[in-house]
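Chains as they are written, first to last, in the numbering used here: chain A, 1 to 235; chain W, 236 to 531.
Take a look at the structure set out below.
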Ligand SMILES: Nc1ncnc2c1ncn2[C@@H]1O[C@H](COP(=O)(O)OP(=O)(O)OP(=O)(O)O)[C@@H](O)[C@H]1O
Ligand SMILES: [Mg+2]
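If you want it as structure tokens, here you go:
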């Protein structure tokens, strides 16, 4: 694990049309880490993910991947640079079957998981290969949305609330999967509302509020900061 | 000669064939429109003009360069497709953030300009285009004489439609296209250059129109109005089939050609409006079209 940040976000501002949503977001993700963005509804977590991917109308500030500036690039160029997003709404394609959904993202580099490994991690996807993508259960769709970005060779994965609305057993399965891909050298930026889940997978946490990062903790320190965290998240 | 439903069989089969020929053009043209609509979300009103341009390119290649019909089937779609790239990049791409209506107005205006220029240059009477030597004559099918060229048009159109359908529904390129019509932003984030894909989709759609134009050249004389007369009916076909449905546009195109042909036999007065009557009925009962998603 090197100390230089793999992803370095500085002074990130973002807008949807006229609404100014992010007001100078700063954080780092180091190679091989799992880092979460925590925060209440509307704090700007999803917007931060989309901004990194180039999917908001306008953004300013700096986003560096391994030292290379991403803010001037189109989303496809950012994708080719090695960042992949699993969006909050999962974006499984209704017009594609499970296999087509899985194989849709092109390989951008070596080092992605091969199909047998993916099917070992997500056995349901193999059984349902010919089903229409959106006919899968919510949990299966989430698995598919994650699985399809593991194949491509992208090394920095942005997972936006992968556990949202899922049954506890599925949440545990996703937790195991995240620890597994961390073992395999992937780096993960994870958006979560459920910090109990986040604590089982993450190395560090950032807390967002009103379009800014307002605090950060190491996962080891989480217990000492429970009161603050309850306060931030209103739980 | 024998009779079917009290009509001479030769009349029936003759009109059926004419209907199939029209259907062949409806299918190719509405297929191109469906592909373009799916990806660009615009109704390409230039489609008829680009169909006409395809016929003119074939005519020009033969007249000035001595390039045969067969090469034109390949070259005219390439030339018109390249022109489509230009149109998309220079004009249409600027409109994606605006209301649909602007795309419609722009492509309609482009059609008027293209057709006007052609009329200015070539007059509106039209130029003959000979049927290629290999396809002259007719074949006795037993129940009727079929002009070879007409049989070829139906076969070529059906073959091309099938090919396009296979590419869109059964290949990974097609899967990417289908995905990009649903959610272009996410597809682009996977590293796919969606803006370029949109340009090429427009080019492919108008190339299909040009292919149809070359097929049409020996049947209708090559003239500046040949697209305009087709395109109104084709839009009705698209509405009936359901905007953007690939299989729907093919099936509806051929089907309505046949319906039109049969109407000529059984109720000749109605043949010019039957497609529009069908359109009204479909719109009243299934507003999204026969194959459209969403339904009521
Ligand atoms: N497309 C949009 N247009 C305008 N405003 C938006 C849009 N998407 C989000 N917003 C606003 O931006 C702010 C941040 O939204 P964002 O989705 O980033 O929050 P979040 O932290 O991901 O919340 P949640 O936990 O509910 O997913 C909110 O106030 C939201 O209303
Ligand atoms: Mg969110």
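For glycine and all other residues, C-beta sits at the position ideal for the given N, C-alpha and C.
- Three or more beta-carbon pairs drawn from the stretch 82-94 of chain A and the stretch 125-143 of chain A are found closer than 8 Å, and the two stretches are therefore classed as touching.
- The alpha-carbon of residue 263 of chain W is positioned some 18 Å away from that of residue 496 of chain W.
- At least one heavy atom of ligand 2 falls within 7 Å of the beta-carbon of residue 191 of chain A.
- Taking 8 Å as the CB threshold, residue 160 of chain A stays off the interface with chain W.
- By the neighbour-count definition (other C-beta atoms within 10 Å, threshold 16), residue 243 of chain W is an exposed residue.
- Note on geometry: alpha-carbon atoms of residue 525 of chain W and residue 506 of chain W lie some 21 Å from one another.
- In the same chain as residue 169 of chain A, and ignoring 5 residues on each side of it, no C-beta atom comes closer than 8 Å to its own.
- Taking a beta-carbon distance threshold of 8 Å, residue 323 of chain W does not count as an interface residue toward chain A.
- Note that the stretch 65-73 of chain A does not touch the stretch 104-112 of chain A; fewer than 3 beta-carbon pairs, one per stretch, sit closer than 8 Å.
- Chain-ordered listing is empty here: chain A has no CB closer than 9 Å to the CB of residue 484 of chain W, the nearest sitting near 16 Å.
- Contact with chain A is found for residue 414 of chain W, since one of that chain's Cβ atoms lies less than 8 Å from the residue's Cβ.
- Between the stretch 179-197 of chain A and the stretch 146-159 of chain A, the count of C-beta pairs closer than 8 Å reaches three or more; the two stretches touch.
- Of all residues in the stretch 87-112 of chain A, the ones placed with a Cβ closer than 7 Å to any Cβ belonging to chain W are 87, 91, 93, 94, 95, 96, 100, 103, 104, 105, 106 and 108, in chain order.
- At a C-beta separation below 8 Å, residue 58 of chain A has no neighbours in chain W, since its nearest C-beta there lies roughly 13 Å away.
- Look at residue 192 of chain A here: in three-state DSSP terms it is strand.
- Following the DSSP letters along the chain, one finds residue 261 of chain W inside the alpha helix (DSSP H) bounded by residues 244-275.
- The nearest non-hydrogen atom of ligand 2 is 7 Å or more from the C-beta of residue 50 of chain A.
- Among the CB atoms of chain A, none fall inside 8 Å of the CB of residue 276 of chain W.
- The shortest CA-to-CA distance from residue 220 of chain A to any of A:200, A:41 and A:214 is the one to A:200.
- Listed by position along chain A, the residues whose Cβ is nearer than 9 Å to that of residue 433 of chain W form an empty set, because the closest Cβ is around 12 Å away.
- Distances from the CB of residue 45 of chain A to the heavy atoms of ligand 2 include at least one below 7 Å.
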